[in-house]
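What follows is the structure, given as structure tokens:
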């Protein structure tokens, strides 16, 4: 493979300065492959190996050796030495750092290939073109081609003779002295090869040569070339009159006259393109045209783009148990195959080493042995690139362990528990999981439905909502002493809330001794018996762990972190994920290619996970955004037939076993080949332009184009049919053509058809038009254009018109103006032959005023106006919607968090997403507003956790699936209410008033808190004569229930008091209100009222009665 590298690769601190390149060696010659690397960590060691990874140790080698500079040297290569030729790589390594591997270089033995095309006997008329082929395989560009005439080396007449890049000889304006025998000589590598002989002769005729259509004597062929190279499309044609040759790309004429154009003509009519660009990829038409006929010869240029980095991997520093992702994005055509290496060895993908998000490498649960240098290599037929990055694993700091003691002040509490088989205690909240020691191994315990008193039908179980997460549990083991400034103790009561086949939800309580604010909680988890432990973090007391495997035993533990660092680990919670339907995994290596304009061939390999016997495969395919169709087969190959020409299909495959359909492959996109058009041009109109010309207008076929339209063929004749029709061919992007050179006041017939690379489509019916008897007047301005029609879209308006009604006045052009609300803010001048224009880049749902005027040499005529409103931007109506998700469930975890999960019936039983679909969750607080304020959450899996909700609030949730341009309606709505939380706002509008006739009493009134987060169960009133006292030193009154006023008695007269209030609910106390001051009335005859307050406060009934008798 010819390859290119991106030069120096310096990621990871180790990089190549020289990489080996491909070598072609003559018989018996020597070969050398150079390799040089540098490193910031010291001098690298260079080793060589074959491309299968087998190292070369050079012991006992007679031909191969390694030079002092690291190069591989082979002293002699012969035809029988197959072990010496082939592919090699060099490995550069630095001890204790890592290694990188070079590109693959190939050593080939030179050989002279045979001819693909040789010259053939040729007869032409004098003055025509002769073309003699001499073509070698494309890989033989280093060979030299020479031509012999009559067995002698030719002396080229450079004005008429050209040796083409293919090796062919082209002679223009053939003369009598050119007659003779010709052959070509290919030489190189010390060898030569002669082609057969071909005779060039002249045709003669006793009568004048009659008209003849073009005949191609050389036609362009498909070229596959690398970006930046030069390609030549060879084309030559003879005919009488001599044809005019011009070139088109995808039906649009190529400008060969531009001074700085990369396109130029060589020889008589061949096309050379230099510095090839990706945009040059496409279909090229060599069009030969004379008065008899127009012919096209078509070839495709396939531009290959060498791989290039969009994003390179970067050096990473990480800690053990973390998940890490190396990014690598490579672009090229064809799409490069990306491979990841670690220290020069290919990485095997598994659950812990994954390729995600295209070509990124993800390592789950880092270990110390994962440190090294990682290479991302991209290869396609045009070349290769590589980049490397170093991974450094932080070693944990050694810390002095503090002695664990039992706090004497903490009393033992006896709580409900049940013993486990391993003699550890289990809190009621962990009924779905089992706790193990975090540091000592214990036998695994399975989870069965009998462990759960709140079993529900379906694939997901969750504990009873009666479980109180605030219930504290203290075991009889020793705890770490709470020391000022130390790390937190272990989080408590780790429990399982939800378990499915692929995710679990956990909840825990904060450590008994936080020793400061908790910054993070780290959830460590691993499969039982597996060394790799993964970690995720959160600041909440719950977490959802996804991407788990079905029917696996996992162990979870929680570590809290404060400003001093991570603390002690919780006990281990062991969980068995639920089983999943034993359906097959996705089939491997799905490939497809078009075999015709109506068929696509598919092939794939068996799934890696079969789970039984594969009974059949289901092939699902869709054309654009229309409804999906399926086919079934028992083979790993299939041909889709009866397809639409030149149409892109999205295809995926799934395997079926006795348990049902399995996971889909990723979609592959395949376009069918093009075919001849099956419909004629649309909306063809004729208009007399003058006494000697006709304007033909048309639009492309509405359907049945079956490929890119490369041109339109127009035939015209006099109505009396005594004359044979003439034909012209336009470019594919033209929509009108002016037929000139006609006779005055004569009726003509016109018809036309569409062309593409496969040929011509059906013709329209003959249409008639009469030329003017005299040319048109231009002494007066034209009238207003007539019959204005418009069609509005969201961002464009199309406008059609007819010429002014008085057609005796010549129209040379039209001027269209438009603007929002009034015309002529912007304008466009058009040719007088135009009858259609599209105004683009407009705003949706906006009123535009459009004017159109006809013009000639005398000036502009009167305008015609149209008021048009653009429409609202919307999704195409023809897009077939997907089926919405079903079974949406919302499980409340806390006052702010809900876990959602659902079922996608368009997925297999395993409910495993393997394609590019994603889900959108919509939610809002439940109310009956006509304009609710929705929030949205995107999920790539069938579950998600939403944690920005308000406490004690009912929410509605719905979900839809989106895949490409298609999406489903919203699912059915589910409702659930978040848990209560302590009030987060204070009581409002606190006011203090005196009580009439009671100077020592005051009445307080207030409004409930704006955010009670649950039913208010009471209020606490604080009051004091000293606003600077600690809260604990203020006097307190309790108010039971949701009352919003209260009388405080036994106050001192003429004293300033300060009042504040806080609310409470079942979850705790809220913040204080703003402090309000109040001064009681002055001392007067208040003694009996004081006495009365004392009696009332002591609540002595008979005292109240006696008081009234005083």
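Numbering (the UniProt record's numbering), first residue to last: 1 to 1110.
Every residue, glycine too, gets a C-beta built ideally from N, C-alpha and C.
On a predicted model such as this, the values are computed, not experimentally measured, just so you know.
Member of the options whose CA lies at the smallest distance from the CA of residue i
i	options	result
residue 312	305, 338, 914 and 905	338
residue 654	871, 636 and 317	636
residue 880	81, 813, 147 and 622	622
residue 817	863, 845, 578 and 135	863
residue 359	350, 328 and 381	328
residue 559	528, 667, 747 and 541	541
residue 960	918, 580, 647 and 944	918
residue 993	1058, 500, 987 and 1027	1058
residue 561	122, 486, 831 and 149	486
residue 873	841, 774 and 119	841
residue 43	31, 16, 61 and 223	16
Euclidean distance between Cα positions of residue i and residue j
i	j	result
residue 974	residue 491	33 Å
residue 478	residue 511	Any reading at residue 478 is ruled out, since the residue's pLDDT is 40, under 50, leaving its predicted position unreliable.
residue 283	residue 300	4 Å
residue 72	residue 37	14 Å
residue 436	residue 57	Residue confidence for residue 436 is low, a pLDDT of 35 falling below 50, so the modelled location carries little weight; the figure read from the coordinates is stated next. Distance between the alpha carbons of residue 436 and residue 57 is about 52 Å.
residue 555	residue 920	31 Å
residue 948	residue 1029	37 Å
residue 393	residue 564	21 Å
residue 228	residue 302	13 Å
residue 589	residue 191	44 Å
residue 572	residue 533	13 Å
residue 1055	residue 934	53 Å
residue 85	residue 111	13 Å
residue 428	residue 543	Residue confidence is low: residue 428 scores 32 on pLDDT, short of 50, so the model does not pin down where it sits. Its coordinate-derived value is still stated next. Going from the Cα of residue 428 to the Cα of residue 543 covers about 19 Å.
residue 255	residue 102	44 Å
residue 175	residue 18	55 Å
residue 770	residue 832	19 Å
residue 552	residue 528	8 Å
8 Å CB neighbourhood of residue i in its chain, flanking five on each side removed
i	result
residue 613	657 and 658
residue 843	795, 820 and 870
residue 144	186, 187 and 188
Beta-carbon proximity of residue i to residue j, cut-off 7 Å
i	j	result
residue 372	residue 342	yes
residue 495	residue 507	yes
residue 664	residue 586	yes
residue 236	residue 243	no
residue 755	residue 710	yes
residue 906	residue 883	yes
residue 170	residue 131	yes
residue 105	residue 33	yes
residue 584	residue 662	yes
residue 792	residue 885	no
residue 1061	residue 1023	no
residue 232	residue 269	no
residue 390	residue 323	no
residue 785	residue 801	yes
residue 716	residue 752	no
residue 388	residue 46	no
Identity of the residues DSSP links to residue i by a beta bridge
i	result
residue 389	374
residue 566	561
residue 249	252 and 284
residue 66	72
residue 184	147
residue 654	618 and 664
Other residues of its chain near residue i: CB distance less than 7 Å, five sequence neighbours each side excluded
i	result
residue 616	632, 633, 634 and 656
residue 815	827, 829, 853, 855 and 860
residue 24	108 and 110
Cβ neighbours of residue i in the same chain (closer than 6 Å, five flanking residues each side left out)
i	result
residue 628	620 and 622
residue 1005	991 and 1045
residue 501	550, 577, 578 and 580
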